[in-house]
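Protein chains in written order, with my numbering: chain A, 1 to 435; chain B, 1001 to 1324.
A virtual CB, placed ideally from N, CA and C, is assigned to each residue, including glycine.
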Amino acid sequence: MPGSETRAKALKLSRQQHLDLYYYMRLNREVEETMTRLFRQNKIVGGLYSSLGQEAISVGSAYALEKRDWMAPMIRNIGALLVKGVPPRDIFTQHMAKFTSPTKGKDGTSHFGDLEDLHIISPISMLGDLVPVLTGVAMAGRYLGQKIVSMTWIGDGGSSTGVFHEGLNLAASQKAALVLILENNQWAYSTPVRRQVPLENLADRAKAYGIASYIVDGNDVVAVYSTAKEAVERARAGEGPILIEAKTFRRRGHAQHDPAEYVPKEQRQYWEKRDPIELYEKFLTQEKQLDAKAKKEIEGKISALLEKEREFAENSPMPPADTVATGVYCAGDDCHKIRPKWERPIQELLPPKSSVDPVWVVEGFGRGGSSGGSMAPIHFGDVPAATERPVEAKSTKARDAKCTAERASEGGPHKNKAAQAKASATKKPVKKGAR
Amino acid sequence: MAPVTFLEAIRQAMFEEMAADPSVVLIGEDVGVYGGAFKTSEGLLEKFGWERVIDTPISESAIIGAACGMSYLGLRPIAEMQFIDFIACCFNQLTNFVAKGHYLWNAPAPIVVRGPSGGGVHGGPFHSANPEMYFVHTPGFKIVYPSTPYDAKGLLKASIRDNNPVLFFEHKFLYRRIKEEIPETDYTVPIGKAIVRREGKHLTLISYAAMMHVALEAAEALAQEGIEAEVIDLRTLLPLDEEAILNSVKKTNKCLVVHEDTKTGGIAGEISAILFEKAFHELDGPLVRVTALDTPVPYAPTLEEAFLPNAQRVYTAAKELARF
């Protein structure tokens, strides 16, 4: 696993961190294997979607988040749920449509969330919808003065939806602290990525929005974690949204019913040899971080936990039919317990302190700084638009030059818009075969 | 206290709510520097700043998604559709994510989606829509469609304070055409309550938004003929105030619904079903619908006039109904 050793050293992962990552990957896989058995026993009500071979992405990326951070997984990100603190019983009861599930049987799979404690937003089958939602979370966090980061996942397939692009564009223009993990498992149901997107690397989608991106080996958990950690820190520091393409492979079909015969044998074999858990185990053994005793302890812990959690789920009742019409609306005094947690003075946001001139020039735009107090967002006067106004042309030009110089010295991903426009105007047209 | 326009009433509601509660923010296209395409948010940016009055790219799905995400941290965003027709662009985000959230995973989304709707101003097929019924069919929303400045202000304030997603339709024909004296003190108008605009005993005219004024005009003409029509302004389409409808029809025994929405699938059909279910024996005549035609909203004034209901059509239909 190239890169892992250096990254691990650079980040100085403690033994405990290594063992955490290993534990959660193993737990992720065992939770899903338990559910496969339940599925075969006809105890799963709906479909079952496997993340076999993709555990390093769910676990490594979510492990980079802090407790206060927010996330919205996709259906296959069981590992991310476990890392954020969801007990396995919630995943079992959800799939079995039990009354004890987080949605009380109203939805299945990993479609549930927790706004108050774990800061998890429920996935939705319409892919891409969560990109603007998590952008809004990041915007609200900044507005409230919280130093939070939001994270969501998208697949190679979902990255072609309109709302993915609307969301990422809004996030970029708002410089929202969003980390978007593009999990490229190379198949959208039966359609290979080559048939979906005319790009070699889906990370290049970031270029359209002028944001930073990474490509990472999605089967290398240390690489995923290190990259996600760096991205989370950059986003938290105000650098704006960051896209991480994690390359991996979906080893099972779209869901349990799908034998995935459309996948070439060679491709499957290649990736089966690169199982993320086996790779990591080998690495940890070489590094003397994991021995047979520790491994056995972890395995024992997981099987004891899952035995208990599965039993709880199996013994739980189905929802009573008379709950069907409850909860459509939030009605009553205690249905909405979410209160804004202000971590900045509210006075900044009320007149007269909040007052501004309504023109498209805002101090601090695009420099990763702020428009007001130290916690205020970078909300963006539009420097290039201002240059079109003849009266201000001179002063704006000078400021543009200054911005460019500053950015160049910072080496940040956001280039000055005017400079960019100039550069692209002088560029030769891209050759047709360049893609 | 000078009378204010419908548009000013909406601006006041947003201004007062934002001044009273820093968790209220406005997000939409051209709502900031420009003050909104119809100037409903004029002056808000000056007072409340860039963080609370947020100009966005032309991305309706992203606007709704972001507003929803913001609400999960305790904010109360108002999302503006520049024209309500564009709400179709974020239909999925609204109906699948926002509306279902509380039922499925106990996630309230206290957002208000508001924007100018309706025809009669020659806006053509993409700037005149009445898309309320797409959403009345979606459990999880509240749908508000006021007809007077007083109600517009009071209902918008109530919508902002509501813990559910509220779609707030503003009939643009009314924006600058009607004025009303409204209190300078804080007040709300309850969501889900209709109001009797005119008392009568011979038949009930049910309407909302711009057509409520058409119904009143027709009622005036009917009164000249000795026919006393009771006019009910629904104000909220979801939840529908069944009690107000039933109380009036039990008194008059006849009902005519007038709405600017197209006929098939309009709220008149729903009201008709409610009356047949719950007041069958009280009815002395058929339920009559005076609505727009089942076509897109046409552009030419001659065509649009033929498309829209008017007081003459209501008057004629009501006279016919009164004969039963």
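Sorry if obvious, but does the Cβ on G210 (chain A) come closer than 6 Å to a heavy atom of the ligand HEM? The ligand HEM is not among the ligands present in this structure, which contains no ligands whatsoever.
Give the straight-line distance between the Cα atoms of L1007 (chain B) and I1267 (chain B), rounded to the nearest whole angstrom. 25 Å
Check whether the Cβ atoms of G167 (chain A) and A1311 (chain B) lie closer than 7 Å to each other. no
Is the CB of M74 (chain A) under 7 Å away from at least one CB in chain B? Against chain B, the CB of M74 (chain A) has no partner CB under 7 Å away; the residue lies outside that interface.
Where T100 (chain A) falls: helix, strand or coil (DSSP): coil
Alpha carbon of C1068 (chain B) to alpha carbon of D129 (chain A), nearest angstrom: 11 Å
Check the Cβ-Cβ distances between Y143 (chain A) and every residue of chain B, and say whether any is below 7 Å. yes
How should A300 (chain A) be labelled, buried or exposed, when 16 other C-beta atoms within 10 angstroms of its C-beta is the threshold for buried? The amino acid at residue 300 (chain A) is misidentified as Ala; the sequence shows Gly. Label assigned to G300 (chain A): exposed.
Expressed to the nearest angstrom, what Euclidean distance is found between the alpha-carbon atoms of S354 (chain A) and A228 (chain A)? 35 Å
E55 (chain A) classed as buried or exposed, judged by whether at least 16 other C-beta atoms fall within 10 angstroms: buried
In angstroms, rounded to a whole number, what distance separates the CA positions of G1032 (chain B) and I1078 (chain B)? 13 Å
Which class does A1229 (chain B) belong to by DSSP, given the choice of helix, strand or coil? strand
Give a yes or no on whether the C-beta atoms belonging to K58 (chain A) and G85 (chain A) are separated by under 7 Å. Per the sequence shown, residue 58 (chain A) should be read as Ser rather than Lys. Their beta carbons are not under 7 Å apart, which means S58 (chain A) does not touch G85 (chain A) by this criterion.
Would the stretch 1082-1102 of chain B and the stretch 1263-1279 of chain B be scored as touching if the rule is three or more Cβ pairs under 8 Å? No: the two stretches stay apart, fewer than three of their Cβ pairs being nearer than 8 Å.
Cα separation between P73 (chain A) and A246 (chain A)? 15 Å
With a cut-off of 7 Å, does the C-beta of A140 (chain A) fall near any C-beta of chain B? Taking 7 Å as the CB threshold, A140 (chain A) lines the interface with chain B.
Delimiting residues of the beta strand (DSSP E) encompassing D1261 (chain B): 1255-1262
Quick one: list the residues of chain B neighbouring S316 (chain A), beta-carbon separation under 7 Å, in chain order. Residues of chain B with a Cβ closer than 7 Å to the Cβ of S316 (chain A) do not exist, since the nearest Cβ in that chain sits about 18 Å away.
If contact is defined by three or more beta carbon pairs under 8 Å, each pair taking one atom from either stretch, is the stretch 1104-1117 of chain B in contact with the stretch 114-130 of chain A? yes
Strictly by DSSP, which residues pair up with N184 (chain A)? A:K247
Using the DSSP secondary-structure output, state which residues sit across from I1078 (chain B) in a beta bridge. B:L1026, B:V1112
Starting from E1142 (chain B), trace the beta strand (DSSP E) in both directions and tell me its first and last residue. Residue identity check: residue 1142 (chain B) is Lys in the sequence provided, not Glu. Looking at the DSSP string, the run of the beta strand (DSSP E) that includes K1142 (chain B) is 1142-1144.
Measuring alpha carbon to alpha carbon, tell me which of B:I1178, B:L1222, B:K1254, B:Y1072 ends up nearest I1206 (chain B). B:K1254
G162 (chain A) touches chain B at which residues, Cβ-Cβ below 8 Å? The contacting residues are S1061.
With 7 Å as the limit, tell me which residues of the stretch 1056-1089 of chain B have their beta carbon closer than that to any beta carbon of chain A; keep them in chain order. T1056, P1057, S1059, S1061, A1062, G1065, A1066, A1067, C1068, G1069, M1070, Y1072, L1073, G1074, L1075
Measure the C-alpha to C-alpha separation of I1143 (chain B) and M1212 (chain B) and round it to an integer number of angstroms. About 16 Å.
Around the Cβ of T1264 (chain B), are there at least 16 other Cβ atoms within 10 angstroms (buried) or fewer (exposed)? Taking a 10 Å sphere around the C-beta of T1264 (chain B), we find fewer than 16 other C-beta atoms and assign the residue as exposed.
Quick one: is T1236 (chain B) near chain A, going by C-beta distance under 7 Å? no
So, at 7 Å on beta carbons, what are the nonlocal neighbours of A313 (chain A) in its own chain, with the 5 sequence-adjacent residues on each side left out? Within the same chain, and ignoring the five residues on either side of A313 (chain A) in sequence, the residues whose Cβ sits closer than 7 Å to its Cβ are R89, F92, T93, M96, K98.
If you measure beta-carbon to beta-carbon, which residues of the stretch 102-119 of chain A are closer than 9 Å to chain B? P102, T103, K104, K106, D107, H111, F112, G113, D114, L115, H119
Assuming contact is defined by CB atoms lying nearer than 7 Å, are P1239 (chain B) and N1163 (chain B) in contact in what I supplied? no
Taking only three categories from DSSP, how would you classify V133 (chain A)? helix
Kindly list, in the order they appear in chain A, the residues whose Cβ is closer than 7 Å to that of Y1103 (chain B). K106, G327, V328
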